[in-house]
Amino acid sequence: MSPSPAQRAEALRRQIDEAGKAYYERDEQLIPDADYDRLVRELEALEQAHPELVQADSPTQRVGGKASSRFAEVRHAVPMLSLGNAFSDDEVQDFVRRIGERLRRDALFFSAEPKLDGLAISLRYEDGRFVQGATRGDGSTGEDVSANLRQIKVIPHTLQGSGWPQVLEVRGEVYMARADFEAYNADARLHEGKVLANPRNAAAGSLRQLDPKLSARRKLSFYAYGTGEVQGGELPPTHSATLAQLKAWGFPVSELCQVVEGSDGLLAYYRDIGERRDGLAFDIDGVVYKLDDRAGQEQMGFVSRAPRWAIAHKFPAQEQTTTVEAIEIQIGRTGAATPVARLHPVAVAGVIVSNATLHNADQIERLDVRVGDTVIVRRAGDVIPEVVSVIAERRPAGTSAWRMPTECPVCGSEIVREEGAAAWRCSGELSCPAQRKEAIAHFASRRAMDIDGLGGKYIETLVDAGIVRGVADLYRLTRDQLLQLKLVLDAESPQALASQIGLHLPPEGSGQYLRDVLALDAGDEGWRARALSLPAAFEWNTKKIATKWADNLIAAIDASRTTTLERLLFALGIEHVGESTAKALAIWFGDLELIRHLPWPLFKRVPDIGGEVAHSLGHFFEQPGNQEAIDALLQVGQVRISDTHPPSAKLRDGLDFAQLLVEAEIPGITRLRAEKLTAMLPDAASVLDAEPVQLVAAGLPNEVALGVAEWLDSNGNGPMLLKADDYRRTLLERAPEASAQAAGPLDGQTVVLTGTLSQMTRDEAKERLEALGAKVAGSVSKKTSFVVAGTDAGSKLTKANELGVEVWDEERLVAFLAR
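For the sequence shown, full-length UniProt numbering gives the first residue as 1, with consecutive numbering after it.
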């Protein structure tokens with residue numbers, strides 16, 4: 001049975017009151033603005049159809065919410081009313097028509113301005129000095145937030161110029177700019193602080209801080225849009241001129257305010273601002289129209305809670321409610337694992353939305369988003385829709401918290417969290433199809449394998465066509481395939497391609513191919529990849545296209561087959577492994593076969609490689625797909641490493657078992673405890689076989705012994721430690737004694753290069769210095785041995801002089817290298 005009008009009106013009042021109390025008094029948003037507006041409009045329609053249902057305290061008869069008891073009350077001399085809303089062109093035209101009929105005018109001019117999504121406030125000035133600021137509250141009584149308003153830099157404490165009234169109340173909107181909102185939240189996430197829901201709540205919550213210092217940390221802004229009480233002076237006769245006067249007195253006024261004529265002018269302004277909306281520095285949810293001349297405003301008067309001479313024209317809702325049907329992981333081109341909410345389709349800002357980003361696992365945990373939840377979804381322009389908040393009151397029973405999966409949904413590799421960050425990523429860099437194009441582009445880049453001529457569009461098409469499925473496939477490309485690729489990419493359409501290849505079609509098998517090509521949709525961006533993958537039952541017409549590019553690319557691929565270990569390690573695209581780390585790995589370990597099987601703790605023996613990089617290396621080489629990709633590269637005829645050598649003699653220092661226990665990051669194990677433990681248990685096998693009581697007998701505190709035993713039993717740590725101990729011995733066997741390995745003349749010295757060198761590039765100088773044993777650093781410190789300064793040397797040379805570090809010119813460097 002349907003509820004009676006009275007029952008429905010009562011239900012609507014409860015819903016509106018609950019949402020309004022949260023919004024105005026606690027700065028919380030239980031439902032999107034669009035849902036709130038719909039409820040109010042439904043109640044208004046009911047009360048118009050049934051006047052006996054109208055109540056004095058109905059949401060349709062009042063403004064805003066009650067003032068908080070935490071602040072002193074301020075009684076507004078002139079009420080701060082709200083505005084009626086228009087949602088269609090017809091409603092705007094009716095608004096203009098009513099004013100024209102009442103004032104008996106044909107030509108009507110309006111001041112049009114953006115409707116900021118912030119908090120309405122009133123600023124009171126006496127004799128040109130700011131004395132009090134208040135929120136709107138319920139329209140009659142607001143909250144005294146003067147101390148917090150004084151923290152907003154753009155609000156003048158003293159008026160500029162002259163001629164202001166003795167008492168002047170300026171009305172306007174406090175808001176938080178988008179950039180300031182994002183910066184605040186980024187800092188909050190970094191320091192595990194409270195993340196703000198949206199700029200509007202940020203502004204409202206900031207003004208309601210009891211400590212003004214807390215308000216000051218959140219950068220707020222302000223725009224003036226009108227006046228309240230005025231005594232001892234007069235304002236200009238139009239609203240637009242009043243805004244200009246307020247600007248002259250020092251108040252910020254939006255540059256987007258315009259005077260327009262009639263409904264056509266209003267609607268044109270609405271569409272113009274709508275197109276510019278996403279590029280604005282602040283959030284708006286519509287525009288406001290005000291009759292410009294003050295005499296006309298007085299004639300029009302007010303209804304119970306809004307002026308008849310002004311109206312807000314709302315934009316299509318950017319926020320809507322819907323339900324979460326699933327939470328899935330999407331793997332990006334660089335391996336970033338982003339949770340995505342699959343939603344029950346809903347129209348948001350004129351677009352049907354069925355997916356929304358959840359950013360990362362931390363965001364899901366903060367919002368506590370679960371499958372089945374009712375959520376608020378936001379979409380602003382071309383921005384990817386996002387889940388803003390959960391309506392906890394509508395959560396179905398039996399839901400459970402979401403957890404980040406451990407495996408990549410695309411390739412099955414481990415999903416790992418970046419240390420100290422909120423981001424998660426797939427560790428199958430070389431083997432993950434989602435990362436394939438990015439991995440190949442990095443592999444071929446100049447500072448990696450240096451395959452000159454293989455640009456992004458070629459990689460895109462080769463991968464999409466299925467010709468290149470991994471980096472090893474680059475070495476199987478033929479000259480004919482590259483010529484076909486060039487021909488397809490140069491063709492403007494399938495028809496143009498068919499015309500070109502049709503010049504030299506063989507007599508058999510050509511008809512079906514032509515039909516295949518001509519059936520492709522030129523409007524589909526993937527037609528080139530599909531054309532390239534069609535059976536080539538013809539001879540490609542290559543006479544009219546340049547063959548030099550293909551010949552040069554084949555030559556570049558062949559040249560890259562023989563490479564150095566450091567280049568290949570960098571080319572693999574391992575997370576956190578840049579050129580300098582790749583070089584260090586090559587110098588210290590010398591052999592890819594050794595490096596690719598090392599357990600992660602042993603990587604920490606290399607200077608400047610810490611836990612994060614070591615874990616990243618371990619995760620990469622633990623993925624079967626990455627090992628298969630390396631195997632394919634090393635097959636006969638593919639890639640050869642020219643500089644394989646034994647491990648560095650320097651590795652021998654610190655390769656004792658006690659140090660391995662420390663490097664393995666076992667909870668509670670310090671160097672001293674590790675030495676005590678290994679005195680009784682000298683290797684990994686004996687540690688794994690030991691009971692906690694034996695660990696205690698070896699000198700560990702009871703709680704540490706229990707922690708070690710638990711660590712060894714979890715996450716495959718025990719087998720990893722056994723393997724690491726085996727490879728520790730292998731390194732000791734392979735690394736020569738220090739006396740057997742010749743020391744370079746710059747061993748142990750740190751060099752910094754600055755300025756421009758004329759006889760060699762900086763990279764060449766760096767390579768030659770490192771070959772002599774030097775470490776080439778990017779910054780100058782007291783530990784720097786000497787600085788090489790070329791022309792136009794800057795701050796590094798200044799720093800070297802300040803610290804008394806020795807400085808070489810280029811001539812001295814060249815002479816030294818010649819020796």
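Even glycine gets a Cβ: it sits at the ideal position worked out from N, Cα and C.
I think residue 173 touches residue 119, with their Cβ atoms under 8 Å apart; what is that distance to the nearest whole Å? 7 Å
In angstroms, rounded to a whole number, what distance separates the CA positions of residue 677 and residue 717? 18 Å
So, with DSSP's three-state summary, where would you put residue 826? The requested residue 826 is not part of the displayed model; the chain covers only 1 to 819.
Just verifying my parser: in three-state terms, what is the DSSP assignment at residue 737? coil
Please state whether the Cβ-Cβ distance between residue 269 and residue 287 is less than 8 Å. yes
Less than 8 Å separating the beta-carbons of residue 821 and residue 167? Since the first residue shown for the chain is 1 and the last is 819, residue 821 is missing from the structure and cannot be characterised.
What would DSSP say about residue 613, mapped onto helix, strand or coil? helix
Inside the segment 551–598 only - beta strand (DSSP E) runs reaching at least 3 residues: none
Could you confirm whether any beta carbon from chain D is found closer than 8 Å to the beta carbon of residue 285? Of the protein chains in the structure, only one exists, and it is not chain D.
How many whole angstroms separate the CB atoms of residue 413 and residue 426, which I take to be in contact at a CB cut-off of 8 Å? 5 Å
By the DSSP assignment, the beta strand (DSSP E) with residue 100 in it spans what residues? No beta strand (DSSP E) holds residue 100; the alpha helix (DSSP H) holding it covers 89–103.
I need the boundaries of the beta strand (DSSP E) containing residue 822, first residue and last residue. Here the chain covers residues 1 to 819 and nothing more, so residue 822 does not appear.
Can you tell me whether DSSP reads residue 713 as helix, strand or coil? helix
For the candidate residues 386, 573, 360, 479, whose alpha-carbon lies nearest to that of residue 432? 573
Evaluate contact between the segment 282–296 and the segment 82–102, counting only Cβ atoms and requiring at least three cross-stretch pairs below 8 Å. yes
What is the DSSP secondary structure of residue 293, counted as helix, strand or coil? strand
Go ahead and pull the three-state DSSP assignment for residue 191. coil
Pair within 8 Å by beta-carbon distance, residue 551 and residue 657: no
Taking the continuous alpha helix (DSSP H) assigned at residue 662, which residues delimit it? 657–663
Classification of residue 702 by the beta-carbon crowding that lies within 10 angstroms, buried from 16 upward: exposed
Residue 761 and residue 641 look like a contact to me (Cβ under 8 Å); what is the Cβ gap, rounded to whole Å? Their Cβ separation, rounded to whole angstroms, is 24 Å, which puts residue 761 and residue 641 out of contact at 8 Å.
Do you know offhand how far residue 13's Cα is from residue 372's? 27 Å
Restricting to Cα atoms, I'd like to know which of 549, 767, 734, 404 is closest to residue 584. 767
Going by DSSP, what residues sit across from residue 168 in a beta bridge? 125, 230
Compute the Euclidean distance between the alpha carbons of residue 615 and residue 143, then round it to the nearest angstrom. 54 Å
Thinking C-beta only, is residue 369 closer than 8 Å to residue 343? no
Alpha carbon to alpha carbon, how far is residue 319 from residue 355? Give it in angstroms, no decimals. 14 Å
Exposed or buried, what is residue 796 when buried is set at 16 or more other beta-carbons lying within 10 Å of its beta-carbon? buried
8 Å Cβ cutoff met for residue 239 and residue 111: yes
Can you give me the C-alpha to C-alpha distance between residue 3 and residue 405, rounded to a whole angstrom? 46 Å
Measuring only the C-alpha atoms, how far is residue 378 from residue 570? 40 Å
Check the DSSP bridge columns for residue 302 and list the partner residues they point to. 307
Between the C-alpha atoms of residue 604 and residue 665, what's the straight-line distance to the nearest angstrom? 11 Å
Return the chain-ordered list of same chain residues with a C-beta closer than 6 Å to the C-beta of residue 15, the five sequence neighbours on each side being excluded. 39
Supposed contact pair residue 47 and residue 9 - C-beta distance, whole angstroms, cut 8 Å: 7 Å
Rounding to the nearest angstrom, what Cα-Cα distance links residue 706 and residue 697 in this structure? 12 Å
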